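Worksheet: the structure to be examined is printed underneath.
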Amino acid sequence: MSGVPKVYGWCPGALRPMMSGDGLVVRIRAPLGRLTPDQARGIADLSETHGNGLLDLSARANLQMRGIREDRHEALLSGLRDLGLLDREEAAEARRNIMLTPFWAEGDDSAAIAGDLAKALTAATNLKLPGKFGFAVDCGPAPVLQNAAADIRIERKSSSLILRPDGATHGMPVTRDIAASEAINLARWFLETGGATGGRGRMKAHIAKGMQLPSGYRSVSEQSGQEAKPGPVEAGLLVALEFGQMSAKTLKALADQGPLRLTPWRMLLIEGASNIAPLPGLILDATDPRLRVSACTGAPGCLQALSATRDLARDLAPHVPDGAHLHVSGCAKGCAHPGPAPLTLTATACDTFALIRHGTAADEPLEPPLSARTLRAAPERLTEGS
Ligand code: SF4
Numbered sequence: 097m098s099g100v101p102k103v104y105g106w107c108p109g110a111l112r113p114m115m116s117g118d119g120l121v122v123r124i125r126a127p128l129g130r131l132t133p134d135q136a137r138g139i140a141d142l143s144e145t146h147g148n149g150l151l152d153l154s155a156r157a158n159l160q161m162r163g164i165r166e167d168r169h170e171a172l173l174s175g176l177r178d179l180g181l182l183d184r185e186e187a188a189e190a191r192r193n194i195m196l197t198p199f200w201a202e203g204d205d206s207a208a209i210a211g212d213l214a215k216a217l218t219a220a221t222n223l224k225l226p227g228k229f230g231f232a233v234d235c236g237p238a239p240v241l242q243n244a245a246a247d248i249r250i251e252r253k254s255s256s257l258i259l260r261p262d263g264a265t266h267g268m269p270v271t272r273d274i275a276a277s278e279a280i281n282l283a284r285w286f287l288e289t290g291g292a293t294g295g296r297g298r299m300k301a302h303i304a305k306g307m308q309l310p311s312g313y314r315s316v317s318e319q320s321g322q323e324a325k326p327g328p329v330e331a332g333l334l335v336a337l338e339f340g341q342m343s344a345k346t347l348k349a350l351a352d353q354g355p356l357r358l359t360p361w362r363m364l365l366i367e368g369a370s371n372i373a374p375l376p377g378l379i380l381d382a383t384d385p386r387l388r389v390s391a392c393t394g395a396p397g398c399l400q401a402l403s404a405t406r407d408l409a410r411d412l413a414p415h416v417p418d419g420a421h422l423h424v425s426g427c428a429k430g431c432a433h434p435g436p437a438p439l440t441l442t443a444t445a446c447d448t449f450a451l452i453r454h455g456t457a458a459d460e461p462l463e464p465p466l467s468a469r470t471l472r473a474a475p476e477r478l479t480e481g482s
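When we follow this note's numbering, the leftmost residue of the sequence shown carries the number 97, and every step to the right adds one.
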């Protein structure tokens, strides 16, 4: 496949933004994945003042501001600091890579452990983790973050909490009080046993090498995760965003409804809400075909994109069968859906895509590439022979 994408090996932050085709991408890691209405309105204002007024929800439950001008970065940081959304230093921001179940409740295990872990990671100045290394705190009655990327997971199994390295069939029972410190110990074990080289490395790959876990880990059975859909939940209302993107205006309108919790599913949870009037880019119907597609920024917003992606994904969405998923990727990196999907279209040139079945954006296609025009004219090509 042509167009080998550049792999940065780190995630952007606010203090360490990443350059993209439309300016800097600045990622905000909100404490407990929650924005108060004032914080959300403040971010929307900053996005309009210093960026292009577009915001993305990342697959790690962070909020990304797009199109930030390089000469406005300092002023933006000052604004984020005033909102209480800035770490003291870049390394601490990078380490504090925590995803929290959006269904946490005040004072429960998930909220308490995520708070402890944030403090412990901020203080652990000698912990040199790879740029993409992250933690998932998912201690509700059933796990919901199993399909989201994380290297160390804290989950509930029956009545106990379990610390589990990603990809392992073994976990360690922990209590709420020691969960964060044991998670840091597991991160240290990963580093000491050679899990990272050159600032890169993931737990799943390390475990797959057959590494012997420290004592105290025992076999734990797989738990199936729950799939989230837009609609009412106990804590409020889940609303989806088309391709995980919204305008600053939409963010302000959402902030008027209540505090917002960020999720890794391109959805926001509006605390305490039970319904909301339609807004541009918002998906409120759980059967909306746009929920069956994902597409990355693509051209022209991404410097590595070989083609635009989202218009094609939107046009093909009604033709994706129920229960299937179509991932349209601007290059083989597959940012919008890193894992395998039933159907993937990976750009090989402008408006030209390789169709990959049951694979990732980087897998080899079995057929010659198709033009976007052909796909729009004959969308049945997507599912023919599958
Ligand atoms: S997958 Fe999309 S967003 Fe990611 S690098 Fe490639 S073109 Fe850019």
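All residues carry an ideal CB built from backbone N, CA and C; glycine is no exception. The structure displayed is predicted, hence computed values, not measured ones.
Taking one beta carbon from each stretch, the segment 354-366 and the segment 149-161 have 3 or more pairs nearer than 8 Å; the two touch. Under the DSSP definition of a beta bridge, A391 partners with V424. Secondary structure at H415: helix, using DSSP grouped into helix, strand and coil.
Ranked by Cα distance from A331, the first of R296, N371, A190 and S320 is N371.
In the DSSP assignment, R272 falls within the alpha helix (DSSP H) that extends over R272 to E288. In this structure, F449 places its C-beta atom within 9 Å of the C-beta atom of L408. Counting only residues whose CB is nearer than 6 Å to a non-hydrogen atom of ligand 1, the list in chain order is P101, C392, T393, G394, C398, Q400, A401, S425, G426, C427, K429, G430 and C431.
With fewer than 16 neighbouring CB atoms inside 10 Å of its own CB, P328 falls in the exposed class. Excluding residues up to 5 positions away in sequence, L408 and D447 lie with their Cβ nearer than 6 Å to the Cβ of A468 in the same chain. According to the DSSP assignment, K253 belongs to the beta strand (DSSP E) that extends over I248 to K253.
Annotation for D459: I452 place their beta carbon closer than 6 Å to its own, counting only its chain and skipping 5 residues before and after. By the beta-carbon neighbour count (other beta carbons within 10 angstroms, threshold 16), A382 is exposed. At the C-beta level, A187 and L196 stay beyond 9 Å of one another. Just so you know, the alpha carbons of E367 and P226 end up roughly 33 Å apart. Taking the C-beta atoms as reference points, L334 is found no nearer than 9 Å to A136. Here the segment 303-323 does not lie against the segment 335-343, with fewer than 3 beta-carbon pairs under 8 Å apart. Residue range P133 to H146 is occupied by the alpha helix (DSSP H) that includes Q135. Your pair L176 and A276 does not check out as a contact, with CB atoms roughly 25 Å apart and the cut at 8 Å. The residues C392, in chain order, have a CB closer than 6 Å to that of C431 in the same chain once the five nearest residues on each side in sequence are set aside. Non-local beta-carbon contacts of G129 in its own chain, meaning distances under 6 Å to residues more than five positions away in sequence, involve A157, L196, R357 and L358 in chain order. Annotation for P475: L412 and H415 place their beta carbon closer than 7 Å to its own, counting only its chain and skipping 5 residues before and after. When DSSP states are grouped into helix, strand and coil, E166 belongs to the helix group. The alpha helix (DSSP H) runs lying completely inside the segment 152-215 and spanning 4 residues or more are 169-178 and 186-191, given in chain order.
M114: not part of any alpha helix (DSSP H); member of the beta strand (DSSP E) spanning M114 to S116, first to last residue.
Per DSSP, the beta-bridge partners of R453 are L439. In terms of Cβ geometry, D183 and N148 do not form a close pair [threshold 9 Å]. Of all alpha-carbon atoms in T145, G236 and A245, the one lying nearest the alpha-carbon of L257 is that of G236. Distance between L151 and G297, taken at the CA atoms: about 29 Å. Here DSSP, grouped into helix, strand and coil, assigns E463 to coil. Bounds of the beta strand (DSSP E) holding A336 are G332 to L337. For R123, the closest of A190, T132 and P133 by C-alpha to C-alpha distance is A190.
Under the three-state reduction of DSSP output, R472 falls in the helix class. Counting the other CB atoms within 10 Å of its CB gives Q308 a total below 16, which places it among the exposed residues. If you look at M299, you'll find it in the alpha helix (DSSP H) that goes M299 to A304. The C-beta of P108 has 16 or more other C-beta atoms within 10 Å across all chains shown, which makes the residue buried. Here H454 is exposed. Its C-beta has fewer than 16 other C-beta atoms within 10 Å.
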